[in-house]
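Asker:
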Amino acid sequence: MFFHIVLERNMQLHPRHFGPHLRDKLVAKLMKDVEGTCSGRHGFVVAITGVEDVGKGLIREGTGFVTFPVKYQCVVFRPFKGEILEAVVTMVNKMGFFAEAGPVQIFVSNHLIPDDMEFQSGDVPNYTTSDGSVKIQKESEVRLKIIGTRVDATEIFCIGTIKDDYLGIISDPGAAS
Amino acid sequence: MGSLEPFNRLVKLTARAFYDDISMKGENQPKTSRGDNRGMAVVVLDALTRRQWVREEDLAKSLKLHSKQLRRILRFFEEEKLVTRDHRKESAKGAKIYSAAAAAAGDGQAGTKEGEEKVKLHTHSYCCLDYAQICDVVRYRIHRMKKTLKDELDSRNTVQHYVCPNCKKRYSAFDALQLISYTDEYFHCENCNGELIAESDKLASEEMGDGDDNARKRRREKLNDMQQRIDEQLKPLQAQLKRVKDLPAPEFGSLQSWERLNLGAFTHGDSCAADASRNAQGQYNGTPMPYLGDTKVDVELAGSGAKEEGAESGRNGAELKVLPPWMVKEGMNLTKEQRGETSNTSSNGDEKSEGKDAKKQDPKEDEKSIQDEYIKAYYEALKKRQEQEDAKMMQQEGHAFSSTHSERQLGTKTKREDGDVEDEGVEWEEQEPLGNTSEPYKFVDLNAEAPESGDEEDGIDWEEG
């Protein structure tokens with residue numbers, strides 16, 4: 281799920297950036313530092329949408345670096361248990377398949393894949409129904425439900441299932457070609 | 013207070029369904045308690061259905077259990093949310109009356125007695141079934157059981173676990189990212205690089221297999237079977253739950269409020285609060301009051317006991333009071349149904365009173381004579397029984413009282429019968445205090461206890477004999 285929230289961060293800026301464009305430099309550095317990171321609490325920071333406030337800088341003794349407390353608005357993405365996501369399959373093996381929904385990695389183990397789909401090894405490993413009408417392989421897009429998340433300080437990993445109504449393949453690139 | 017019987021039945025069913033093989037073994041089991049005490053939990057629960065608030069020591073005594081053992085069981089049930097417990101400090105037995113009054117009233121009233129300085133406060137525990145919560149707990153428990161099974165059946169929402177056959181290290185699907193190997197399509201152990209195998213579900217662990225179709229099918233069958241058995245075996249319990257769902261649960265309130273309520277019925281009007289609580293203590297420590305209020309037969313006699321001279325009306329009211337919950341809840345076609353139940357139910361007190369009601373209701377319209385016959389016979393028997401019981405009892409007045417009282421019933425009963433049925437049950441609590449305005453009732457209610465507790469056993473004897 282996406283959230284638009286305000287976060288705060290202390291930015292250290294090298295003295296060489298001090299000048300008329302200090303604020304721009306600060307924001308650019310903030311984006312470089314923060315976007316794409318993940319915190320267990322808020323999830324993945326997708327994008328910074330604005331800087332609310334830059335506080336008074338504090339010169340660090342010895343180094344000359346200045347610390348600015350910066351408040352910024354950002355879009356974060358945090359997966360939740362029970363959430364339905366659309367994801368791209370990145371790897372298929374006998375134990376199940378891995379998929380990515382943006383920055384989030386999701387593993388769907390083979391017992392959470394419908395019973396009528398079977399693993400086919402080979403050049404392009406895939407899960408296929410007996411009549412071959414549905415095939416999950418690398419680059420397939422699947423809709424899945426998250427049944428568990430493991431949230432570390434800097435990482436979120438999810439377990440998903442496609443064993444439910446309206447879950448499974450959305451569009452099959454193999455069928456199109 | 014709602015009718016207890018369906019709830020008691022629920023408790024009994026629950027006890028047998030879920031707590032049948034609970035063994036209350038502590039880690040440091042003393043070697044004196046040999047053998048297994050499974051089934052003890054059921055006995056305790058059953059005993060509690062026949063009581064309201066009861067002091068744990070008294071309960072232990074009457075169950076011939078060690079109080080520690082009982083406490084362990086009760087603590088277990090408290091955790092299971094079936095039982096509410098209350099602990100409070102009370103004086104040692106010797107000084108109980110004064111100190112209890114003082115402590116309970118808390119106002120140093122009645123000139124703190126000389127016992128005060130040598131009073132040692134002991135914590136006494138009381139326990140009581142929490143019927144409303146029991147319903148919820150049992151329903152939730154069944155729901156959880158079914159849900160777990162169903163989830164397992166569609167293997168939905170379950171996190172797959174993997175185990176290394178070499179070093180037995182266990183992984184969950186959450187670790188999948190670290191476990192993938194790029195050489196083949198299996199997961200590999202972090203320690204020994206062994207190939208991990210998927211661990212099959214706990215419920216069907218015998219059907220160990222690495223998730224191939226056959227094993228999966230067999231597991232599914234097993235779970236289906238288990239589900240069916242659950243449905244089948246819990247059917248009576250669920251039927252009872254359904255029946256009880258719309259009934260108001262009997263509510264005893266907290267220990268204090270329950271005590272107050274019951275004391276209100278028993279103490280005389282001019283007694284002050286301290287007196288009341290003292291009386292309470294006396295009853296707890298002496299004759300076991302908790303036995304009195306619970307079965308319906310008891311209540312009937314308590315009603316008559318408290319109103320001495322208005323005995324006919326009191327008697328009648330108390331007797332009819334048994335009826336209302338049944339009449340109101342089960343609709344008006346109760347007579348035959350009631351009879352059906354009376355033959356089935358194992359609860360003696362109810363059986364007796366119900367039988368009486370049924371008898372009383374039907375013939376009222378058609379044949380008075382049969383009714384009179386029955387009543388006469390019934391009271392003959394009752395009287396005889398009471399006399400037997402009373403011989404055992406220490407209190408002689410109780411004997412005299414109950415016999416006179418039952419004699420009085422013989423003549424007057426038929427004419428009082430058309431007293432309105434609904435009201436009696438409801439008003440019973442209030443009626444008591446009304447009657448309790450003068451001193452002599454104190455005697456009466458003390459006496460009344462003896463025949464009552466006697467009568468409960470009486471009912472049981474009757475059944476078995």
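Protein chains in written order, with the working numbering: chain A, 281 to 457; chain B, 13 to 477.
Heads up, the beta-carbon is just placed ideally off N, CA and C, and yes, glycines get one too.
Just so we're clear, the structure is a prediction, and the values are computed from it rather than from any experiment.
1) Residue 457 (chain B): buried (16+ other C-beta within 10 angstroms of its C-beta) or exposed?
2) Answer yes or no: does any C-beta atom of chain B fall closer than 8 Å to that of residue 439 (chain A)?
3) Looking at the structure shown, is residue 429 (chain A) part of a helix, part of a strand, or coil, going by DSSP?
4) Could you tell me which chain B residues have their CB closer than 7 Å to the CB of residue 374 (chain A), listed as they occur along the chain?
5) Skipping 5 residues on each side, what residues in its chain have a beta carbon closer than 7 Å to that of residue 248 (chain B)?
6) Between residue 186 (chain B) and chain A, is any beta-carbon pair separated by less than 8 Å?
7) Using a C-beta cutoff of 8 Å, does residue 239 (chain B) count as contacting chain A?
8) Report the partner residues of residue 356 (chain A) according to the DSSP bridge assignment.
9) Among B:385, B:183, B:80, B:179, which residue has its Cα nearest to the Cα of residue 136 (chain B)?
10) Which word fits residue 274 (chain B), buried or exposed, when buried means at least 16 other C-beta atoms lie within 10 angstroms of its C-beta?
11) Please report the distance separating the alpha-carbon of residue 177 (chain B) from that of residue 211 (chain B).
12) For residue 418 (chain A), which residues in the same chain have their Cβ closer than 7 Å to its Cβ, ignoring the five residues on either side in sequence?
13) Closer than 7 Å, Cβ to any Cβ of chain B: which residues of the region 417-429 of chain A, in chain order?
14) Output, in chain order, the set of chain B residues within a Cβ distance shorter than 9 Å of residue 405 (chain A).
15) For the alpha helix (DSSP H) containing residue 143 (chain B), list its first residue and its last residue.
16) Would a C-beta distance cut-off of 8 Å place residue 300 (chain A) and residue 344 (chain A) closer than the cut-off?
17) Residue 458 (chain A) lies in the beta strand (DSSP E); which residues open and close that run?
18) Residue 385 (chain A) versus chain B: which residues are under 8 Å apart at the beta carbon?
19) So, with DSSP's three-state summary, where would you put residue 294 (chain A)?
20) How would you list, in chain order, the residues of chain D whose beta-carbon sits under 7 Å from the beta-carbon of residue 389 (chain A)?
21) Roughly how many whole angstroms lie between the Cα atoms of residue 28 (chain B) and residue 73 (chain B)?
22) So who's on the other strand from residue 30 (chain B), going by DSSP bridges?
23) Using C-beta distances below 8 Å, list every residue in its chain close to residue 161 (chain B), excluding the 5 sequence neighbours before and after it, in chain order.
24) Taking only beta-carbon atoms, is residue 162 (chain B) less than 8 Å away from chain A?
25) Is there a C-beta anywhere in chain B that falls below 8 Å from the one on residue 401 (chain A)?
26) Would you say residue 445 (chain B) lies against chain A (beta-carbon separation less than 8 Å)?
27) Can you list, in chain order, the residues of its chain with a C-beta nearer than 8 Å to that of residue 320 (chain A)? Leave out the 5 residues immediately preceding and following it.
28) State yes or no: is the beta carbon of residue 445 (chain A) nearer than 8 Å to at least one beta carbon in chain B?
29) Could you tell me which of B:138, B:76, B:54, B:91 sits nearest to residue 100 (chain B), measuring between CA atoms?
30) When we look at the beta-carbon of residue 147 (chain B) and count the other beta-carbons within 10 Å, is it buried (16 or more) or exposed?
31) Helix or strand or just coil, what does DSSP make of residue 19 (chain B)?
32) Classify residue 290 (chain B) as buried or exposed, calling it buried when 16 or more other Cβ atoms lie within 10 Å of its own Cβ.
33) Residue 269 (chain B) to residue 65 (chain B), Cα distance in whole Å?
34) Out of curiosity, what's the CA-to-CA distance linking residue 382 (chain B) and residue 54 (chain B)?
Answerer: Considering the structure as presented:
1) Low confidence applies here, because residue 457 (chain B) scores a pLDDT of 46, under 50, leaving its location unreliable and the question unanswered by this model.
2) Chain B contact via Cβ: present.
3) It is a strand residue.
4) Those are 197, 198, listed as they occur along chain B.
5) If the five residues before and after residue 248 (chain B) are omitted, its C-beta is found closer than 7 Å to the C-beta atoms of 25, all from its own chain and listed in chain order.
6) True, the Cβ-Cβ gap to chain A drops below 8 Å.
7) Answer no: the Cβ-Cβ gap between residue 239 (chain B) and chain A never drops below 8 Å.
8) In DSSP, residue 356 (chain A) forms a bridge with A:283, A:325.
9) When only C-alpha atoms are compared, the closest one is B:80.
10) Buried, because 16 or more other Cβ atoms sit within 10 Å of the Cβ of residue 274 (chain B).
11) Straight-line Cα distance between these residues: approximately 10 Å.
12) Once the five neighbours on either side are set aside, the close Cβ partners of residue 418 (chain A) are 369, 370, 371, 372, 404.
13) Result list: 427, 428.
14) Within chain B, the residues whose beta carbon sits less than 9 Å from that of residue 405 (chain A) are 197, listed in sequence order.
15) Counting along the chain, the alpha helix (DSSP H) containing residue 143 (chain B) begins and ends at 143-165.
16) 8 Å or more divides the Cβ of residue 300 (chain A) from the Cβ of residue 344 (chain A).
17) Not covered by the structure: residue 458 (chain A). The range shown for chain A is 281 to 457.
18) What residue 385 (chain A) touches in chain B: 189.
19) Reduced to three states, the DSSP call for residue 294 (chain A) is coil.
20) The structure shown has no chain D; the protein chains it does contain are A and B.
21) For residue 28 (chain B) and residue 73 (chain B), the distance between alpha carbons rounds to 23 Å.
22) Under DSSP, no beta-bridge partner is assigned to residue 30 (chain B).
23) Cβ neighbours of residue 161 (chain B) beyond the five flanking positions: 215, 235, 238, 239, 242.
24) At a cut-off of 8 Å, the C-beta of residue 162 (chain B) has no neighbouring C-beta in chain A.
25) Taking Cβ atoms only, chain B reaches closer than 8 Å to residue 401 (chain A), which makes this a yes.
26) With a pLDDT of 44 at residue 445 (chain B), under the threshold of 50, the modelled position of this residue cannot be trusted; read the value that follows with caution. Answer no: the Cβ-Cβ gap between residue 445 (chain B) and chain A never drops below 8 Å.
27) Excluding residues within five positions, the ones whose Cβ falls inside 8 Å are 431, 432, 433, 434, 435, 436.
28) Not an interface residue.
29) It is B:138.
30) By the neighbour-count criterion, in which a residue is buried when 16 or more other Cβ atoms sit within 10 angstroms of its Cβ, residue 147 (chain B) is buried.
31) It is helical.
32) In this prediction, residue 290 (chain B) has a pLDDT of 42, which is less than 50 and means its spatial position is unreliable; what the coordinates show is noted afterwards. Under this definition residue 290 (chain B) is a buried residue.
33) Roughly 11 Å separates the two Cα atoms.
34) The alpha-carbon atoms of residue 382 (chain B) and residue 54 (chain B) are separated by roughly 41 Å.
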